[in-house]
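Here the structure is laid out as structure tokens; the discussion comes afterwards.
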Amino acid sequence: AAQTQNERSDDVSAASGTTPLPIRRSPPRAPFVELRLASRVGGSEEEGGGGGAVAVMPPHQISRSLRNAGCFDRTLPSLRLSSWQTLTVQRRCGPRVVCAGSRLPSGLSIRPRRGFQSTGYSRDSADEMTLTSGLPRSKACRAHATAHLKEVITPELLEKLRRFWFKHLHTEEAFILPQKNQLGRWFFSDENFDESCVRKFRPALEALKSSRATSRDIIAIVRPITPLQWLSLVLLLDQIPRNCYRGAESSVVFKFFDPIARDIANHAINAGATTHNRTKYRVAYRMWFYLPLMHSEDLALHDLAVEHYQKMKDDFEELMATDGSAGDDDQRKCWGVLAVQKETARDLLETNYDFEMKHRDIIAQFGRYPHRNLAMHRQSTPEEKEYLRTGGETFSGGG
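Residues in the sequence shown are numbered from 63 upward in steps of one, following our numbering.
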């Protein structure tokens, strides 16, 4: 006689030495399997009751999730919860339902049957793993996502982005010292410009979102070398999302794209992208590397941004103070443009510096940008409400 499903599970578990996963009987039309996760409390293991977590998923989703995690054969593995974290408070975990597609709590590890390699997951890890149906992806799945990104984030896309972003600058002088009417295309909301960004570049942003790529992943794929390659990455991750995700969608800009953009901008600056002759004396190129720091809600990064903007002012002043005979041909070309427009150059550089100081003052006062609270589902304080009510700066919602 054929064994029942529970008997087969017990036999296999006994052979493999794992704790059997109880199977709950369900109506024929909606079969579900209940997984009880063991928790480790004070060095001891407790299972079931109030000490465990429960994951309720259809059987096919469990199988697919475990296969994606790289630890599924014919035997279900033992899932153990080493620690349950809610925000920053560690406490004994109680019953909780973890549905397919949701994020797992910090500390969840997957222990497969002996002979199979598991993939660990920690929310606090610097190299956070992507998820599939609520479980960590295996190396194979991550490799597949990376391969897809290579097809999307191509040198051709970055070149296309750079041409699009600067297409209204028709002369070399405009890159060295863009005029106010030329800056307006970037810093004033324009529906047609937004629509172009969405049509041309949102698919690439969606691919980055779905793969949950890190800055390290992106740098490994693109391998930027020249300052303009670094610039294209910064624009793609810091500026384009602000044109593609507005209003209720803007939270993804602040939560996902901004941290990556900051990291890549810092890599670019450290790699010398802002001191290279191609960018050093061209405001239209150099200023973008510092905006990811300006968009941060970290006061220390704003202090760093202030230093960078001051350094840019000093570099231009140093060049304008010369007679133009020193340096290479490119540097002399920049001097030729700046020398006859010194006050215009100073005004523009001072505007950049002052704009950063406005951002820094808000972070120093509130520790965050109050105008982002709605998009990020944060509760505004009475002080923040009063600030916004009385005309506090919102930077058109994109800052």
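Even glycine gets a Cβ: it sits at the ideal position worked out from N, Cα and C.
Sequence-distant residues of the same chain with beta carbon closer than 8 Å to residue i, five excluded per side
i      : result
Arg340 : Thr288, Pro289, Leu290, Tyr347 and Asp392
Ile326 : Ser277, Ile280, Ile281, Trp292, Leu295, Val296, Leu299 and Pro354
Met382 : Trp397, Leu400, Ala401, Lys404 and Ala407
Arg440 : Arg430 and Arg434
Lys317 : Met438
Phe228 : Phe237 and Ala346
His210 : Ala269 and Ser273
Glu455 : Lys420, Ile424, His433 and Gly461
Given residue i as reference, the closest of the options once Cα atoms are compared
i      : options                           : result
Leu295 : Thr216, His338, Pro432 and Glu412 : Thr216
Val315 : Ile424, Lys271 and Glu379         : Lys271
His357 : Asp409, His433 and Val284         : His433
Gln372 : Ala310, Glu268 and Tyr415         : Tyr415
Ala437 : Met349, Ala209 and Arg304         : Arg304
Leu245 : Glu405, Thr208, Glu418 and His230 : His230
Phe378 : Glu359, His364, Leu361 and Asp409 : Asp409
Ala362 : Ala323, Phe319, Ile425 and Arg344 : Ile425
Tyr343 : Arg394, Leu450 and Gly454         : Arg394
Ser458 : Ala388, His210, Gln427 and His421 : His421
Glu257 : Ile302, Phe249, Glu221 and Arg274 : Ile302
Leu239 : Met374, His329, Arg264 and Leu220 : Met374
Ile322 : Ala275, Arg224 and Leu450         : Ala275
Glu221 : Gly454, Lys262, Thr452 and His338 : Lys262
Val30  : Asn243, Leu223, Ala209 and Ala388 : With the chain covering only 63 through 461, there is no way to say anything about residue 30.
Arg285 : His338, Thr456, Glu359 and Ala333 : Ala333
Asp423 : Tyr449, Ser442 and Gly386         : Tyr449
Asp360 : Glu380, Glu412, Phe428 and Gly453 : Phe428
Ser251 : Thr208, Arg225, Cys306 and His210 : Cys306
Phe255 : Phe226, Arg451 and His210         : Phe226
Leu411 : Asp376, His210, Gly386 and Ala388 : Asp376
Burial state of residue i (16 or more Cβ within 10 Å)
i      : result
Thr384 : exposed
Pro444 : exposed
His364 : buried
Arg324 : buried
Gln241 : exposed
Thr478 : Given a span of 63 to 461 for the chain in the structure shown, any question on residue 478 remains unanswerable.
Pro167 : Confidence at Pro167 is low in this model, with a pLDDT of 45, below 50, so the placement of that residue is unreliable and no value is reported for it.
Pro139 : Any reading at Pro139 must be qualified, since the residue scores a pLDDT of 42, below 50, and its modelled position is unreliable; the value itself is stated next. Looking at its Cβ environment, which holds 16 or more other Cβ atoms inside 10 Å, Pro139 is buried.
Glu253 : exposed
Ser273 : buried
His370 : buried
Ala330 : buried
Phe249 : exposed
Glu311 : exposed
Glu446 : buried
Asp390 : exposed
Asp320 : buried
Arg451 : exposed
Ala388 : exposed
Sequence-distant residues of the same chain with beta carbon closer than 6 Å to residue i, five excluded per side
i      : result
Arg308 : none
Val214 : Ala266 and Ala269
Ala64  : Because the pLDDT at Ala64 is just 46, under 50, the model does not fix this residue reliably, and the value given afterwards should be weighed accordingly. Nothing listed; no residue qualifies.
Cβ shell of residue i (< 7 Å), same chain only, five flanking positions each side left out
i      : result
Lys212 : Ile283
Ala367 : Tyr352, Leu355, Met356 and Glu418
Glu235 : Val399
Arg313 : At residue 313 the sequence reads Ser, which differs from the Arg that was named. Ala437 and Met438, listed in sequence order.
Leu219 : Ala266
Met349 : Asn414
Ser442 : Pro432 and Asn435
Arg264 : Cys306
Near the ligand GDP: residue i beta-carbon under 7 Å from a heavy atom
i      : result
Gly453 : The ligand GDP is absent from the structure shown, which contains no ligand whatsoever.
Next on the checklist: Please give the ranges of any alpha helix (DSSP H) in the stretch 303-350, keeping only runs that are unbroken, at least 4 residues long and fully inside the region.
Outcome noted: 320-332 and 345-348
Item to check | Complete runs of the alpha helix (DSSP H) confined to the stretch 214-248 [at least 4 residues] | outcome: 217-227 and 234-238
Checklist entry - Taking the runs of the alpha helix (DSSP H) that are 4 residues or longer, which of them lie wholly in the stretch 392-456? => result 404-428 and 444-451
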